[in-house]
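Residue numbers (UniProt numbering): 1 to 428.
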């Protein structure tokens with residue numbers, strides 16, 4: 001019986017890994033342009049980090065976490081999302097005491113959620129995310145959204161839709177929560193079992209339900225925008241104004257609440273409108289979480305961030321027929337002929353690599369014809385030919401594969417000559 005990858009996971013093979021590397025490199029350069037720094041947190045955390053940070057009433061905590069006890073009896077969980085883990089690191093390492101505030105962080109990380117696998121939804125997913133901790137300025141909300149949109153645009157995506165909402169401050173949410181309970185209670189028995197529970201634990205999450213989204217009571221539910229106090233209205237107005245100043249188009253959706261308990265004020269999602277993308281259109285989502293750091297034992301610290309699924313990003317690129325430019329040509333391939341050449345071939349390859357040249361050689365004991373076929377498969381720009389006669393003369397034959405030009409090069413000048421040829425020049 002052959003072993004297979006667990007359900008909901010995939011192998012990223014070399015031909016696809018090059019696409020991932022390109023996407024990640026592009027996004028990382030944008031993060032650096034926005035003056036964000038990378039953070040890396042453990043693959044697993046104490047379960048309490050997510051219970052307190054994400055919220056006990058969320059689907060993630062109740063249904064989707066991979067939780068286990070270690071040999072010391074400690075409850076640990078593979079991270080299902082990035083914000084709680086980064087926030088824990090921020091508190092534990094006292095980053096709130098750093099002189100440069102706010103702290104602007106980004107990460108590339110694997111997340112784990114036990115849910116039904118389907119296109120665009122995996123049990124092990126790769127996520128890019130950012131978190132800004134230490135600023136309650138609405139301009140940073142706009143900057144975080146701008147970073148996400150800039151990342152997508154830099155990769156060529158055009159069919160994007162930005163949806164935003166305000167969840168208000170605590171006073172606004174409390175007033176809205178009471179209105180939701182009053183509105184949905186007469187229909188409680190008509191709602192799904194999850195929503196009946198949400199109505200008592202976190203009524204705002206009822207609006208996020210996929211099963212009851214077409215229920216008549218959903219269409220007439222009180223809007224959070226009608227319950228925002230003046231401070232929350234002013235905050236949201238500034239976020240919208242800053243987005244407009246940057247020519248970032250958006251749509252306000254009062255039913256956008258996100259699936260985690262820690263959000264307040266700004267919430268947003270970025271969706272793909274490309275034809276053929278699939279049923280799950282959300283590419284990224286995030287928002288503000290001003291109470292999370294305090295919940296995890298730190299000082300009262302405002303924060304905002306988002307998570308972006310990389311699998312879905314690659315799906316969106318495919319849906320818009322965007323080809324990722326991949327460098328799949330080898331700079332140099334060494335063809336070694338004869339039993340006495342292997343030692344010198346190994347030395348030459350080592351020397352060229354030490355000089356920053358990408359080079360490979362044959363390790364299958366092929367004849368010359370087979371080695372040249374390998375060089376063709378690797379799309380080698382240059383082929384170096386080393387035989388016993390060349391070793392005696394302390395030279396190598398260098399062949400440019402695009403022109404067929406072949407020259408004899410002294411071993412002492414090989415690295416320099418190869419570099420010149422790769423740059424499109426010729427020796428003087």
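Where is the CB? At the ideal position from N, CA and C, for every residue including glycine.
On a predicted model such as this, the values are computed, not experimentally measured, just so you know.
Cut-off 7 Å between Cβ atoms - residues of its own chain near residue i, not counting five sequence neighbours on either side
| i | result |
| --- | --- |
| residue 341 | 386, 387, 388 and 391 |
| residue 409 | 395, 396, 398 and 417 |
| residue 127 | 82, 109, 111, 307, 308, 309 and 310 |
| residue 349 | 334, 359 and 361 |
| residue 248 | 145, 146, 149 and 162 |
| residue 316 | 157, 272, 274, 277 and 283 |
| residue 11 | 5 |
| residue 507 | No statement about residue 507 is possible, as the shown extent of the chain runs from 1 to 428 and does not include it. |
| residue 138 | 235, 238, 239 and 242 |
| residue 120 | 278, 280, 311, 312 and 315 |
| residue 9 | 122, 123 and 124 |
| residue 52 | 295 and 296 |
Contact set for residue i: own chain, Cβ-Cβ below 6 Å, skip 5 residues either direction
| i | result |
| --- | --- |
| residue 407 | 398 |
| residue 227 | 172, 175 and 176 |
| residue 198 | 205 and 206 |
| residue 78 | 44, 66 and 112 |
| residue 251 | 163 |
Residue range of the beta strand (DSSP E) that includes residue i
| i | result |
| --- | --- |
| residue 263 | First-last for residue 263: undefined, no H or E at that position. |
| residue 45 | 44-46 |
| residue 385 | 382-386 |
| residue 104 | 103-112 |
| residue 284 | 282-288 |
| residue 97 | Note, residue 97: premise wrong, no beta strand (DSSP E); not H, not E. |
| residue 257 | Neither: residue 257 is in no beta strand (DSSP E) and is coded neither H nor E. |
| residue 128 | 124-133 |
| residue 75 | 75-78 |
CB contact check: residue i to chain D, cutoff 9 Å
| i | result |
| --- | --- |
| residue 392 | Within the model displayed, chain D is absent; a lone protein chain is all it includes. |
N- and C-terminal bounds of the alpha helix (DSSP H) containing residue i
| i | result |
| --- | --- |
| residue 69 | Element bounds for residue 69: not the alpha helix (DSSP H) but the beta strand (DSSP E), 67-69. |
| residue 87 | 83-92 |
| residue 144 | 138-154 |
| residue 243 | 230-245 |
| residue 420 | 414-422 |
| residue 217 | 216-219 |
Own chain residues within Cβ distance below 8 Å of residue i, not counting five before or after
| i | result |
| --- | --- |
| residue 134 | 96, 101, 102, 103, 301, 302 and 303 |
| residue 330 | 358, 359, 360, 375, 378, 379, 380 and 381 |
| residue 428 | Only weak support is given to the placement of residue 428: the predicted model assigns it a pLDDT of 44, under 50, and the question is left unresolved by the model. |
| residue 183 | 217, 220, 221 and 222 |
| residue 76 | 44, 45, 46, 47, 67, 68, 69 and 70 |
Expected contact under 8 Å - CB spacing of residue i and residue j to nearest Å
| i | j | result |
| --- | --- | --- |
| residue 400 | residue 357 | Wrong, their Cβ atoms sit about 15 Å apart, outside the cutoff. |
| residue 47 | residue 67 | 5 Å |
| residue 85 | residue 49 | 7 Å |
| residue 117 | residue 7 | 6 Å |
| residue 231 | residue 169 | 6 Å |
| residue 130 | residue 313 | That pair is no contact at about 14 Å. |
| residue 180 | residue 203 | 4 Å |
| residue 355 | residue 415 | 4 Å |
| residue 155 | residue 270 | The pair is not a contact, with the Cβ atoms about 13 Å apart (cut-off 8 Å). |
Worksheet item: Given 8 Å as the limit, is there contact between the segment 164-176 and the segment 251-260, that is, 3 or more CB pairs closer than that?
Response: yes
Worksheet item: Is there contact between the segment 140-151 and the segment 300-309, where contact requires at least three CB pairs shorter than 8 Å?
Response: yes
Discussion item. Pairs of beta-carbons, one from the segment 91-98 and one from the segment 285-304, closer than 8 Å: are there three or more?
Written reply: yes
Practice prompt. Please list the segments of the beta strand (DSSP E) lying wholly inside the segment 291-350, counting only runs of 3 or more residues, in order along the chain.
Written response: 303-309 and 332-336
Item to complete: Would you check if the segment 264-284 and the segment 235-243 touch, i.e. whether three or more CB-CB distances between them fall below 8 Å?
Response: yes
Worksheet item: Are the segment 57-75 and the segment 19-38 touching by the rule of at least three beta carbon pairs closer than 8 Å?
Response: no
Practice prompt. Taking only runs that begin and end inside the segment 357-409, name each unbroken alpha helix (DSSP H) of 4 or more residues, in chain order.
Written response: 368-377 and 388-393
Worksheet item: In chain order, which alpha helix (DSSP H) runs of at least 4 residues are fully inside the segment 14-67?
Response: 14-33 and 47-53
Worksheet item: Is the segment 214-225 close to the segment 178-196, with three or more CB pairs under 8 Å?
Response: yes
Discussion item. Which complete beta strand (DSSP E) runs does the segment 156-205 hold, if anything under 3 residues is left out?
Written reply: 160-166
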